[in-house]
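With our numbering applied, the sequence shown corresponds to residues 10 to 260, in that order. Note that CB positions come from ideal geometry on N, CA and C, so glycine has one too.
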Amino acid sequence: MWRRVASLSPMISSSSRSLARNHAAFGLNVRETFSTEISKPEEGEKAPFITFVLGGPGSGKGTQCEKIVETFGLTHLSAGDLLRREIAMHTKNGDMILNLIKDGKIVPSEVTVRLLQKELESSNSSKFLIDGFPRTQENRVAFEHIVGADPDVVLFFDCPEEEMVKRVLNRNQGRVDDNITTMKKRLKIFEALNRPVIDYYKNKGKLYTINAVGTVDDIFKQVLPIFTPFREQLKQSRHVNPKSPLVENSS
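Quick look at the structure:
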């Protein structure tokens, strides 16, 4: 989907130095891992349609992603699922990712972005829904430079902390990061690191805030109108549900 055309110098900023310490702790060379290449669309190729989905753990964004995919035919990529797959497959990065998650810390940006890039480049789709990313400004910058694309839509599922804690502790999925102590760490980290990302996209006019309290269908009713301006782009997807509002409203 994208060709690599130039070398990118290291892009560690002052805001990401605390995360850089995680790299060193697990034997990652920060200068080396952030030295990569800028990717751009091939000549004559349209840029992909990308939606980022943000929200704290237990905000319900995963459930809403399923409905968005079913309705609009976007290809769903979950940053969290890709990281957990690395753990399950016992890859080189798997143990490092597992230990960071147990400590409620953020996985290095280049690890997550490269996993996403691999999925984007290997897909036949050009319409993507990326769930749980970017979590930090460092994630955002890494994605822009490595993948060479900006999101068309950024959804933020806004949910009170007490509701998110209740949902996570009740879902009982056996995940290593689902306990009350780690949950509090995760929520603090989310607010501190994800808020600048939310504000950034709000200032760019790309952020859509969803009230994530209510029934699944009530919440989804807030999502539907967001994609209306992109009707023609999304209708081009081979996987659009024929009962989608995008199809029904165009007849």
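Exercise. Who are the Cβ neighbours of K70 in its own chain at under 8 Å, not counting the five residues just before and after it?
Worked result: Indexing the sequence shown from 1 puts residue 70 at position 61. Once the five neighbours on either side are set aside, the close Cβ partners of K70 are V62, L63, G64, D140, G141, L164, F166, A221.
For this session: Please confirm whether L243 and F81 have their CB atoms less than 8 Å apart.
Result: In the sequence shown, counting from the first residue as 1, residue 243 sits at position 234. In the sequence shown, counting from the first residue as 1, residue 81 sits at position 72. The answer is yes: Cβ separation under 8 Å.
Exercise. Can you tell me whether DSSP reads G89 as helix, strand or coil?
Worked result: In the sequence shown, counting from the first residue as 1, residue 89 sits at position 80. Reduced to three states, the DSSP call for G89 is helix.
Problem set entry | In chain order, each alpha helix (DSSP H) run of at least 4 residues that lies wholly inside the region 194 to 245 | 225 to 232, 240 to 244
Exercise. Does DSSP put K114 in a helix, in a strand, or in coil?
Worked result: Stepping through the sequence shown from its first residue, residue 114 is reached at position 105. It is coil, neither helix nor strand.
Problem set entry | 8 Å Cβ cutoff met for L138 and L91 | Within the sequence shown, numbered from 1, the residue matching residue 138 stands at position 129. Within the sequence shown, numbered from 1, the residue matching residue 91 stands at position 82. Result no, Cβ atoms of L138 and L91 do not sit closer than 8 Å.
Exercise. With contact counted as at least three CB pairs below 8 Å, one residue from each stretch, are the region 113 to 124 and the region 150 to 158 in contact?
Worked result: yes
Exercise. Who are the near neighbours of H99 in its chain, counting only those whose CB is closer than 7 Å to its CB and skipping five residues on each side?
Worked result: Taking the first residue of the sequence shown as position 1, residue 99 is located at position 90. Closer than 7 Å at the Cβ level, and outside the excluded window around H99, lies no residue.
Exercise. Rounded to a whole number of angstroms, what is the C-alpha to C-alpha distance between S264 and D161?
Worked result: Since the first and last residues shown for the chain are 10 and 260, residue 264 lies out of range.
Exercise. Helix, strand or coil: how does DSSP classify T121 here?
Worked result: Position 112 of the sequence shown holds residue 121. Three-state DSSP puts T121 in a helix.
Exercise. Which partner residues of D161 appear in the DSSP bridge assignment?
Worked result: Numbered from its first residue, the sequence shown carries residue 161 at position 152. Answer is none; D161 lacks a bridge partner.
For this session: Give the range of the beta strand (DSSP E) segment to which T60 is assigned.
Result: Position 51 of the sequence shown, counted from the start, is the residue given in the question as residue 60. Per DSSP, T60 belongs to the beta strand (DSSP E) from 58 to 64.
Problem set entry | Alpha carbon of Q146 to alpha carbon of K197, nearest angstrom | In the sequence shown, counting from the first residue as 1, residue 146 sits at position 137. In the sequence shown, counting from the first residue as 1, residue 197 sits at position 188. Near 16 Å, if we compare the C-alpha coordinates of K197 and Q146.
Problem set entry | Close-in-space but distant-in-sequence residues of the same chain around S87 (CB under 7 Å, 5 per side omitted) | What you label residue 87 is simply residue 78 of the sequence shown in a count that begins at 1. Correct list, in chain order: D140, G141.
For this session: For the beta strand (DSSP E) containing K101, list its first residue and its last residue.
Result: In the sequence shown, counting from the first residue as 1, residue 101 sits at position 92. Premise fails: K101 is in no beta strand (DSSP E) and is neither H nor E.
For this session: Might you give, ordered along the chain, the residues of its own chain that have their beta carbon closer than 6 Å to the beta carbon of I96, omitting 5 neighbours on each side?
Result: Translated into the one-based positions of the sequence shown, residue 96 becomes position 87. Excluding sequence neighbours, I96 sits near G103, I106, L107.
Problem set entry | Rounded C-alpha distance that separates L109 from I115 | Taking the first residue of the sequence shown as 1, we reach residue 109 at position 100. Taking the first residue of the sequence shown as 1, we reach residue 115 at position 106. So the two alpha carbons sit approximately 7 Å from each other.
For this session: Name the one or two DSSP bridge partners that F137 has.
Result: On the sequence shown, position 128 is the one that residue 137 refers to. F137 is bridged to I59, T84.
Exercise. According to the Cβ coordinates, are T60 and S134 closer than 8 Å?
Worked result: The sequence position of residue 60 within the sequence shown is 51, counting from 1. The sequence position of residue 134 within the sequence shown is 125, counting from 1. Contact flag unset, no.
For this session: Name the one or two DSSP bridge partners that F166 has.
Result: One-based indexing of the sequence shown puts residue 166 at position 157. DSSP, once it has assigned bridges, lists G64, I219 as partnering F166.
Problem set entry | Neighbour-count burial assignment, P238, 16 or more Cβ in a 10 Å radius | The residue labelled residue 238 in the question sits at position 229 within the sequence shown. P238 should be labelled exposed.
Problem set entry | Exposure label - R195; buried when at least 16 CB within 10 Å | On the sequence shown, residue 195 is found 186 positions in, with the first residue counted as 1. It counts as buried.
For this session: Grab the span of the alpha helix (DSSP H) containing F152 for me, first residue to last.
Result: By one-based count along the sequence shown, residue 152 stands at place 143. Where F152 is concerned, the enclosing alpha helix (DSSP H) stretches over 146 to 155.
For this session: Would you identify the three-state DSSP class for G69, choosing helix, strand or coil?
Result: For the purposes of this step, residue 69 is taken as the residue at position 60 of the sequence shown. If DSSP states are grouped into helix, strand and coil, G69 belongs with coil.
For this session: Please determine, among E170, E128, L233, the residue with the shortest C-alpha to C-alpha distance to K76.
Result: Here residue 76 refers to the residue found at position 67 when the sequence shown is read from its first residue. Ranking E170, E128, L233 by Cα distance to K76 puts L233 first.
For this session: Confirm, please, whether the CB-CB distance from P143 to V206 is below 8 Å.
Result: Locating residue 206 in the sequence shown gives position 197, counting from the first residue. Locating residue 143 in the sequence shown gives position 134, counting from the first residue. For V206 and P143, yes; Cβs fall inside 8 Å.
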